[in-house]
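What follows is one structure encoded as structure tokens, with my remarks underneath.
There are 2 protein chains.
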Amino acid sequence: MKDIFYMKKAIKLAKKGSLTTSPNPNVGCIIVNNNIIVGSGWHKKTGMKHAEIYALKTSGEKAKGATAYITLEPCSHFGKTPPCCVALTKYGISRVVIATLDPNPKVSGNGVKWLKKHGILVTIGTLSKESIKINKGFFQRMTTGIPWIKLKLASSIDGRTALNNGKSKWITSDKARHDVQHVREKSDAIISSSETILFDNPLLTVRNTNNNDNNQKLLKHSKTFLKQPIRVIIDSKNRITPSHKCIKQPGLLFLIRIHSDNNIWPSHIKQIILNNKSKKIDLIDLVKMLAKYQINNILIEAGPSLSSSFLKLNIINELIIYIAPKILGNYAKPLFFLENYSNLSDVPQFKFEKITQIGKDLKLILTKHNSS
Amino acid sequence: MKDIFYMKKAIKLAKKGSLTTSPNPNVGCIIVNNNIIVGSGWHKKTGMKHAEIYALKTSGEKAKGATAYITLEPCSHFGKTPPCCVALTKYGISRVVIATLDPNPKVSGNGVKWLKKHGILVTIGTLSKESIKINKGFFQRMTTGIPWIKLKLASSIDGRTALNNGKSKWITSDKARHDVQHVREKSDAIISSSETILFDNPLLTVRNTNNNDNNQKLLKHSKTFLKQPIRVIIDSKNRITPSHKCIKQPGLLFLIRIHSDNNIWPSHIKQIILNNKSKKIDLIDLVKMLAKYQINNILIEAGPSLSSSFLKLNIINELIIYIAPKILGNYAKPLFFLENYSNLSDVPQFKFEKITQIGKDLKLILTKHNSS
Chain H
1 MKDIFYMKKA IKLAKKGSLT TSPNPNVGCI IVNNNIIVGS GWHKKTGMKH
51 AEIYALKTSG EKAKGATAYI TLEPCSHFGK TPPCCVALTK YGISRVVIAT
101 LDPNPKVSGN GVKWLKKHGI LVTIGTLSKE SIKINKGFFQ RMTTGIPWIK
151 LKLASSIDGR TALNNGKSKW ITSDKARHDV QHVREKSDAI ISSSETILFD
201 NPLLTVRNTN NNDNNQKLLK HSKTFLKQPI RVIIDSKNRI TPSHKCIKQP
251 GLLFLIRIHS DNNIWPSHIK QIILNNKSKK IDLIDLVKML AKYQINNILI
301 EAGPSLSSSF LKLNIINELI IYIAPKILGN YAKPLFFLEN YSNLSDVPQF
351 KFEKITQIGK DLKLILTKHN SS
Chain B
1 MKDIFYMKKA IKLAKKGSLT TSPNPNVGCI IVNNNIIVGS GWHKKTGMKH
51 AEIYALKTSG EKAKGATAYI TLEPCSHFGK TPPCCVALTK YGISRVVIAT
101 LDPNPKVSGN GVKWLKKHGI LVTIGTLSKE SIKINKGFFQ RMTTGIPWIK
151 LKLASSIDGR TALNNGKSKW ITSDKARHDV QHVREKSDAI ISSSETILFD
201 NPLLTVRNTN NNDNNQKLLK HSKTFLKQPI RVIIDSKNRI TPSHKCIKQP
251 GLLFLIRIHS DNNIWPSHIK QIILNNKSKK IDLIDLVKML AKYQINNILI
301 EAGPSLSSSF LKLNIINELI IYIAPKILGN YAKPLFFLEN YSNLSDVPQF
351 KFEKITQIGK DLKLILTKHN SS
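What follows is the structure in structure tokens.
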């Protein structure tokens, strides 16, 4: 019970890094000596100290004989920082409680082995689900090579995204559209299509989220920590030009193409050629490539064609649908273009995860039918 | 503050009649003498005593000099029961607090006038909104001549009601379908179409709701109180025959037609001829006719054609949509057949009133955009 109590606190601490640690996971650490919390820390940003180091430094002498509660297995290899396992022994920690092992198959279990070898008592699995939940993208990328993929949509209650004449501004309310900024800021990359750019000419950046109380708290240590997601535009026909708003907007942008062109592109634009036999951009290749760029969380913001292509591949982990209390009718544009199913058992299934009212609209979060 | 406190109790009592009082409204009454509740009552069923009479009888002598809290203006005319106003004075009540006036324009205000004339102090308007809310159908029928109209639908998250081949069994889960029984039992009439009867051959009755705890409580005084809603089938082409399941099933059923036929119908079937110049059944005429049958609450359970016709008339007070976490795609059948709108400002708008999860599905209750 005590272990759960302190691990909950460590997870709460870990969440403070939710907007800033990626590609690293969120990690929190609490050091407890004789039922007194003597130190705590959390990981802020890649290249900065790990949670354990902050916690040990605040504990000082009091770490001797204490228990460390860590939301993720401590590292035992020299990366950008010296290994946390060494620090834990150096400070005299006698027991380590770990929520879950490191999912990186190259290092998973090594920290535990190291600690045990150095006479430290190790408990594994306390609130493991919760710890994995706050690092879904990191865990999925490490274990499958594919980032966590969210698909964002906005529709009427009868599942329509635009009128027959294309008008869709605006089906949902200001508040719902502002909420999208918060979904974006939790993403490492936003995938969109050249169709969306040609039609809407969006910036695809995170804007005006600093006035949010929670973000103020998360970012108060340094506003510069909030990073813009990488914008990824699928442009197989080279239709995007240097004059589009998203191109002029600073911030890394990947143009995913089959062939490069001879335009002069700003330095923050990177043409990535994804060619294969089919002469089409393979979306699985794309998300695997993004995983290699250490992208944990992808947000898809596109029209029904690209959204449907991802849906058919069965790689959407989360659907985020903003629903306005309007009815657009049968002439309006559908949410998805799918096949003509013969049986209800064949259709894509999800499960409702979280329902909130955002202003006049509903925000539905659904997860893959079989994902936990 | 005390008035609100006691009126809340009276409204809670009134709700006990929610499945049984129609066509009468739900009414509760609390009698308070010197800060002590000395009597209480609620209306159970048309023809039975009014709430005030029960409350006065339980108070007896203690009603003298007491305050009566009544959720609706007491009657002053001799109807099926002697007027409550007379009883209130006879028992020596000195003050009456009324949530709201009787909406029936023929009698509204008469009770208050009578009480004042007999030296009783009258306060009007305590929790009036709450009192109207528990009698929405009654108030709307009395003030507009049109019952409260609910439209029930079931769809996928992309707003589809069936696959292209017509398969719709079942999009939603058992639990959601069972919940529909509770929606039916709160209705005085269910409107459906001959299309639905020919395709699904449903009974359109309330079934298996007595195992519900709340209903057990509501009905414990007498199970016979739960009445079946009147089934109303729009059958302009005389396609329903005596062999359909809903016809064989006992319980009043109105066949709404343009011409009668020569079939021999069971005595619980009533052919109602609604003819007009257009040779079509006018849905406004239909609901006004049902209001004359003292129908307070109508539930529409039909396919997209009839549902859309009601929607276009702008007389739907409440939309009840069960949404399954499935995606049926663009080939599947739409929720509504409407016009090809040119502007988003022209589309039907509602507002989300209540969202609940029923098993795997969502139940959305929406109300008319401008209704309170």
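So the protein lines, in turn, are chains H and B. For the first sequence, position 4 matches number 4 in UniProt numbering, and the numbering has no gaps at all. For the second sequence, position 97 matches number 97 in UniProt numbering, and the numbering has no gaps at all. For every residue, glycine included, the Cβ atom is placed at its ideal position computed from N, Cα and C.
In this structure the segment 299 to 310 of chain B lies against the segment 133 to 151 of chain B, because at least three pairs of beta carbons, one per stretch, are closer than 8 Å. When secondary structure is reduced to three states using DSSP, Asn238 of chain H falls in the coil class, being assigned neither helix nor strand. Membership of Trp265 of chain B in any beta strand (DSSP E) is not indicated, and neither H nor E is assigned to it by DSSP. Taking a 10 Å sphere around the C-beta of Gly39 of chain H, we find 16 or more other C-beta atoms and assign the residue as buried. Only residues of its own chain outside the window of five on either side were considered, and among them Ser194, Leu255, Ile256 and Arg257 have a CB closer than 7 Å to the CB of Asp235 of chain B, listed in chain order. Within chain H, no C-beta atom comes nearer than 7 Å to that of Glu195 of chain B; the closest sits roughly 17 Å away.
In this structure Ala332 of chain B does not touch Ala154 of chain B by the C-beta definition: roughly 13 Å separates them, more than the 8 Å allowed. For Ser342 of chain H, the nearest CB of chain B lies under 8 Å from its own CB, placing it at the interface with that chain.
Residues of chain H with a Cβ closer than 7 Å to the Cβ of Pro325 of chain B are, in chain order, Gln349, Phe350, Lys351, Phe352 and Leu366. By the neighbour-count definition (other C-beta atoms within 10 Å, threshold 16), Met1 of chain H is an exposed residue. The criterion of a C-beta distance shorter than 8 Å is not satisfied by Ile30 of chain H and Tyr54 of chain H. The Cβ atoms of Ala99 of chain H and Ser128 of chain H sit closer than 8 Å to each other.
Taking a 10 Å sphere around the C-beta of Ile36 of chain B, we find fewer than 16 other C-beta atoms and assign the residue as exposed. Shown here for Ser309 of chain H: same chain residues with a beta carbon closer than 7 Å to its own, the five before and five after excluded, namely Leu283 in chain order. Of all alpha-carbon atoms in B:Lys169, B:Asp102 and B:Lys167, the one lying nearest the alpha-carbon of Lys136 of chain B is that of B:Asp102.
Inclusion of Ser192 of chain B and Pro229 of chain B in the CB contact set at 8 Å is not warranted, their separation being larger than that value. Contact annotation: in the segment 143 to 163 of chain H, residues whose CB is within less than 8 Å of a CB in chain B are Ser155, Ser156, Ile157, Asp158, Gly159, Arg160 and Leu163.
Uninterrupted alpha helix (DSSP H) stretches at least 4 residues long and entirely within the segment 94 to 151 of chain B occur at 110 to 117, 128 to 133 and 136 to 144, given in chain order. Note that the C-beta distance between Tyr91 of chain H and Ser59 of chain H is below 8 Å. Taking 8 Å as the Cβ-Cβ cut-off, the segment 66 to 92 of chain B has no residue approaching chain H. Approximately 12 Å separates the beta-carbon atoms of Thr46 of chain H and Asn26 of chain H; this is outside 8 Å, ruling out the contact. Judged by DSSP in its simplified three-state form, Ile284 of chain B adopts helix. For Tyr322 of chain H, the enclosing beta strand (DSSP E) covers residues Glu318 to Ala324.
By the beta-carbon neighbour count (other beta carbons within 10 angstroms, threshold 16), Gly125 of chain B is exposed.
For Pro334 of chain H against Asn330 of chain B, the beta-carbon gap comes to about 4 Å, under 8 Å, which counts as contact. The distance from the Cβ of Ile269 of chain B to that of Val183 of chain B is about 24 Å, inconsistent with a contact at the 8 Å cut-off. By the neighbour-count definition (other C-beta atoms within 10 Å, threshold 16), Ser278 of chain H is an exposed residue. If you look at Glu353 of chain B, you'll find it in the beta strand (DSSP E) that goes Phe350 to Ile358. If you draw a straight line from the Cα of Asn165 of chain B to the Cα of Asp200 of chain B, it comes to about 14 Å. Chain-ordered, the chain B residues with CB closer than 7 Å to the CB of Asn330 of chain H read Pro334, Phe336, Phe337 and Leu338.
Its Cα nearest to that of Phe139 of chain H, the residue H:Thr71 stands out among H:Thr241, H:Leu253, H:Thr123 and H:Thr71.
With contacts defined as CB atoms closer than 8 Å, Ser156 of chain H and Leu328 of chain H qualify as a contacting pair. Within the same chain, Cβ atoms closer than 6 Å to the Cβ of Leu56 of chain B are found at Ala63, Ala87 and Tyr91, the five residues on either side in sequence being excluded. In the DSSP assignment, Ile53 of chain B falls within the unbroken alpha helix (DSSP H) covering Ala51 to Ser59. Shown here, Asp361 of chain H sits in a strand according to DSSP, grouped into three states. In the DSSP assignment, no residue is bridged to Asn296 of chain B.
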